[in-house]
Amino acid sequence: MELTIGICDDLQEERVALAKMVRAYCQSREVAVRLRLFSSGEELLADIQRPGQMNILFLDIYMPGLSGVDTARRLRKVDKRCAIVFATTSTDHGMESFEVTASDYLVKPIRMDDVARAMDWLLERAAQEPRPLSVYADGEWRQIPLASILYIEILGHHVHIHTGGGDVVARRGLDDLAASIEGEDFLRCHRSYLVNLNYVRGIEGCDFRLTDGSLVPIRSGDFPALRDQFISWTYRKAWARA
Amino acid sequence: MRGVVCMRDAREREALCQAIQLWAGLICLKAEITAQSPEEAVPAEASLLLWDMDGTPALPAWEGPAGGRWALLLCSSQPQAAIESYAIHPNAFFQKPVPLAALCQALERCVARWWEDLEWVEVLCGGARRRIPLCDLLWAESYQHGALLHTTLESIQTRESLRDLTAHLPERTFFRCQRGYVVNLYHIRGIGQTSARLANGAEIPIGRRARGEVLEAYRRSRWIWESAAPPEGSPT
Chain W
1 MELTIGICDD
11 LQEERVALAK
21 MVRAYCQSRE
31 VAVRLRLFSS
41 GEELLADIQR
51 PGQMNILFLD
61 IYMPGLSGVD
71 TARRLRKVDK
81 RCAIVFATTS
91 TDHGMESFEV
101 TASDYLVKPI
111 RMDDVARAMD
121 WLLERAAQEP
131 RPLSVYADGE
141 WRQIPLASIL
151 YIEILGHHVH
161 IHTGGGDVVA
171 RRGLDDLAAS
181 IEGEDFLRCH
191 RSYLVNLNYV
201 RGIEGCDFRL
211 TDGSLVPIRS
221 GDFPALRDQF
231 ISWTYRKAWA
241 RA
Chain S
1 MRGVVCMRDA
11 REREALCQAI
21 QLWAGLICLK
31 AEITAQSPEE
41 AVPAEASLLL
51 WDMDGTPALP
61 AWEGPAGGRW
71 ALLLCSSQPQ
81 AAIESYAIHP
91 NAFFQKPVPL
101 AALCQALERC
111 VARWWEDLEW
121 VEVLCGGARR
131 RIPLCDLLWA
141 ESYQHGALLH
151 TTLESIQTRE
161 SLRDLTAHLP
171 ERTFFRCQRG
181 YVVNLYHIRG
191 IGQTSARLAN
201 GAEIPIGRRA
211 RGEVLEAYRR
221 SRWIWESAAP
231 PEGSPT
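From first to last, the protein sequence lines stand for chains W and S.
As numbered in our numbering, residues 1 to 242 make up the first sequence, in order.
As numbered in our numbering, residues 1 to 236 make up the second sequence, in order.
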């Protein structure tokens, strides 16, 4: 797993010093990292156009132009999941940091211990996210992020894993695969199908219509219960996104 | 959901305990909220903890139930304590006196964690029974010898009458504002001469004779959004 970590500070020496500490931490934990440095909130926001471009952002608060807090507010409109760690001389913005759902607040001068503590928690939280699906396909082990899987179907002795980037075919049972998928986003809607509810646009007749246009059948004998599970998941997801 | 309010000041903790209990009642979440002093151990089964950092020697040693289905809210009279609180990564931090509107918004963000404790209603729809979480039922109206339920995500037609449906809805939250309409008080944001405006912008008609009662019922619930103390006799 490679992390993309951003550092946004108007002072070059601060950016460089923090980058050095973050890189040292990642090396000590054997975490692959791609560092991106920004000198202003405006430069950062011009670069972040969609969610998922950055995993962690260390963000100064007092900068010419857009402040760190205002930068964070605008960033949140694009990406609600990027972890924001404020790194600042000021102790006056603790309350505001909660308004933008920051993950930590480091007060300068920042020491290696501070970076390590913040990163330890972030990595621990990332480890609690559902693990990718591990399958042996085309002569190698593949780690497939669950978020990329639209649905899985069994054809004969093989499972076809339909992802946004193409299909992966593996020789494995669907029961075994379903048991290894963590989280509540996947529904065994049919003897031969496992669907990622995040990609379901709605129910048409006795099928799930997915966002890519595919139809995934729903087991007729359990249709009411499966439909209710999908609907409950939809309502719950809406609250979780609030 | 078991919630615990831990504060040194007895009056403050009882008031917040009552506020959270009222909120849970209005949003149709089954909850038991208790108040205790910081010296007492936090029950292991608690899935909500509101902890006062003032005057307590350390942050709470509490991990919450397994599976992440818990929420930790901290408060202090010192805004700088917000920075210290990151040591245990709470879900929210409030500067005292705890603003009730902010408290309710923080609790709303945690509703998905307590999903199993929500109250539901079942209706007959197209020959099958459908379950809807009451917190998502905005209003219902009489429609073609049955009723039409409007939720946050969809509209559902049922052959059950509005009267039969209303019998299954808790009175603390749902009010028959007009002969053909039942409205969820939690989602009302304003009341005009002839209609109630909901958070999603919908305007629900209010009967002339019911307006006084609707206003009274709404007044008993609106304190959440206006950060006032809950009035006496508020629905539980």
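Ideal Cβ positions, reconstructed from N, Cα and C, are used throughout, including at glycine.
Please read these numbers as outputs of a predicted model, since none were measured by experiment.
Could you compute how far the alpha carbon of residue i sits from the alpha carbon of residue j?
i      : j      : result
W:K237 : S:R8   : 36 angstroms
S:R197 : S:R189 : 6 angstroms
S:A202 : W:H160 : 45 angstroms
S:E14  : S:T34  : 8 angstroms
W:C206 : W:R241 : 28 angstroms
S:N184 : S:C135 : 8 angstroms
W:D138 : W:V22  : 36 angstroms
S:A229 : S:R172 : Legend: pLDDT at S:A229 = 49, less than 50; position of this residue unreliable, no value from coordinates given.
S:N91  : S:L100 : 16 angstroms
S:C6   : S:A46  : 12 angstroms
S:T236 : W:Y235 : Caution applies to S:T236, whose pLDDT of 44 falls short of 50 and renders its modelled position unreliable; the model cannot decide the point.
W:V69  : S:F93  : 17 angstroms
S:L49  : W:F58  : 29 angstroms
W:L106 : W:V85  : 7 angstroms
S:L149 : S:E108 : 22 angstroms
S:A246 : W:E129 : Outside the displayed span of chain S (1 to 236) sits residue 246 of chain S, for which this structure offers no information.
S:Y186 : W:D212 : 37 angstroms
S:D54  : W:A102 : 22 angstroms
S:W115 : S:S76  : 29 angstroms
W:R74  : W:S67  : 11 angstroms
W:D185 : S:T194 : 43 angstroms
W:V31  : W:F38  : 22 angstroms
S:H168 : S:G64  : 33 angstroms
W:S131 : W:G166 : Correcting the residue identity first, residue 131 of chain W is Arg in this sequence and not Ser. Taking the straight line from one Cα to the other gives about 20 angstroms.
S:R238 : S:Q105 : The structure shown does not extend to residue 238 of chain S, since chain S is modelled only from 1 to 236, so the question has no answer here.
W:A147 : S:Y218 : 42 angstroms
S:K96  : S:A66  : 30 angstroms
S:I204 : W:A17  : 59 angstroms
Who are the neighbours of residue i on chain W, taking C-beta pairs under 7 angstroms?
i      : result
S:L153 : T234, Y235 and A238
S:D112 : Residue identity check: residue 112 of chain S is Ala in the sequence provided, not Asp. Those are R236, W239 and A240, listed as they occur along chain W.
S:W115 : R236
S:K136 : Residue identity differs from the one stated: residue 136 of chain S is Asp in this sequence, not Lys. Within 7 angstroms Cβ-Cβ: Y235.
Could you tell me how far apart the beta carbons of residue i and residue j are, in whole angstroms, since I believe they sit closer than 8 angstroms?
i      : j      : result
W:L194 : W:A178 : 5 angstroms
S:A31  : S:D117 : 7 angstroms
S:E160 : S:L124 : 6 angstroms
W:L35  : W:I5   : 6 angstroms
W:L150 : W:H158 : That belief does not hold up - the Cβ atoms of W:L150 and W:H158 are roughly 17 angstroms apart, past 8 angstroms.
W:S180 : W:L210 : Not quite, the Cβ-Cβ distance comes to about 22 angstroms (not below 8 angstroms), so this is no contact.
S:A178 : S:G212 : Just to set this straight, residue 178 of chain S is Gln in the shown sequence, not Ala. Contact flag wrong, Cβ pair sits at about 13 angstroms.
W:C8   : W:G41  : 7 angstroms
W:I144 : W:V168 : 6 angstroms
S:L258 : S:A140 : This structure leaves residue 258 of chain S out entirely; chain S is present only between 1 and 236.
W:L122 : W:I56  : 6 angstroms
Mind listing the chain S neighbours of residue i? Cutoff is C-beta to C-beta under 7 angstroms, in chain order.
i      : result
W:A242 : E108 and R109
W:F98  : A82, A92 and F93
W:D104 : Y86
Quick one: which chain W residues come within Cβ less than 8 angstroms of residue i?
i     : result
S:P60 : Those do not exist, as S:P60 stays about 17 angstroms from chain W at its closest Cβ, beyond 8 angstroms.
Anything in chain S within Cβ reach of residue i, meaning under 9 angstroms, just list it in chain order.
i      : result
W:V107 : I83
W:S95  : Note on residue identity: the sequence assigns Met, not Ser, to residue 95 of chain W. What W:M95 touches in chain S: P79, A82, F93, F94 and Q95.
What does residue i touch in chain S if you count any residue whose Cβ is under 8 angstroms from its own?
i      : result
W:D228 : R130 and R131
Starting from the beta carbon of residue i, find every residue of chain W whose beta carbon is closer than 9 angstroms, and list them in chain order.
i     : result
S:H89 : S103, D104, W121 and R125
Between residue i and chain B, is any beta-carbon pair separated by less than 9 angstroms?
i     : result
S:G68 : Going by chain labels, chain B is absent from the structure shown, which instead holds the protein chains W and S.
Answer yes or no: the CB of residue i versus the heavy atoms of the ligand PLP, is any distance below 8 angstroms?
i      : result
S:T151 : The ligand PLP is absent from the structure shown, which contains no ligands of any kind.
Please determine if the stretch 31-50 of chain S and the stretch 144-164 of chain S are in contact, where contact requires at least 3 C-beta pairs separated by less than 8 angstroms. Output reads no: the stretch 144-164 of chain S does not touch the stretch 31-50 of chain S.
Taking contact to mean at least 3 C-beta pairs separated by less than 8 angstroms, is the stretch 186-200 of chain W in contact with the stretch 214-230 of chain W? The stretch 186-200 of chain W vs the stretch 214-230 of chain W: in contact.
Any C-beta of chain S within less than 7 angstroms: which residues of the stretch 78-92 of chain W qualify? Flagged, chain order: T91.
Residues of the stretch 109-130 of chain W whose Cβ lies closer than 9 angstroms to any Cβ of chain S, in chain order: Within the stretch 109-130 of chain W, the residues whose Cβ lies closer than 9 angstroms to some Cβ of chain S are R117, A118, W121, R125 and Q128, listed in chain order.
Taking any Cβ of chain S, which residues in the stretch 202-227 of chain W have a Cβ under 9 angstroms from it, in chain order? Listed by position, the residues of the stretch 202-227 of chain W near chain S (Cβ gap below 9 angstroms) are F223, P224 and R227.
Count the CB pairs spanning the stretch 65-82 of chain S and the stretch 21-30 of chain S that are closer than 8 angstroms, and state whether there are at least three. With a cut-off of 8 angstroms, the stretch 21-30 of chain S and the stretch 65-82 of chain S do not count as touching, because too few Cβ pairs lie within range.
Spell out a yes or no on whether the stretch 89-99 of chain W and the stretch 78-96 of chain S are touching, meaning 3 or more CB-CB pairs, one atom from each, closer than 8 angstroms. A contact between stretches requires three or more CB pairs, one per stretch, nearer than 8 angstroms, and the stretch 89-99 of chain W meets this requirement with the stretch 78-96 of chain S.
Examine the Cβ distances between the stretch 108-119 of chain W and the stretch 69-81 of chain W and report whether three or more of them are shorter than 8 angstroms. With the rule of 3 Cβ pairs closer than 8 angstroms, the stretch 108-119 of chain W does not count as touching the stretch 69-81 of chain W.
Would you call the stretch 56-69 of chain W and the stretch 84-95 of chain W in contact, with 3 or more CB pairs under 8 angstroms? Under the 8 angstroms Cβ criterion, the stretch 56-69 of chain W counts as touching the stretch 84-95 of chain W, having at least three qualifying pairs.
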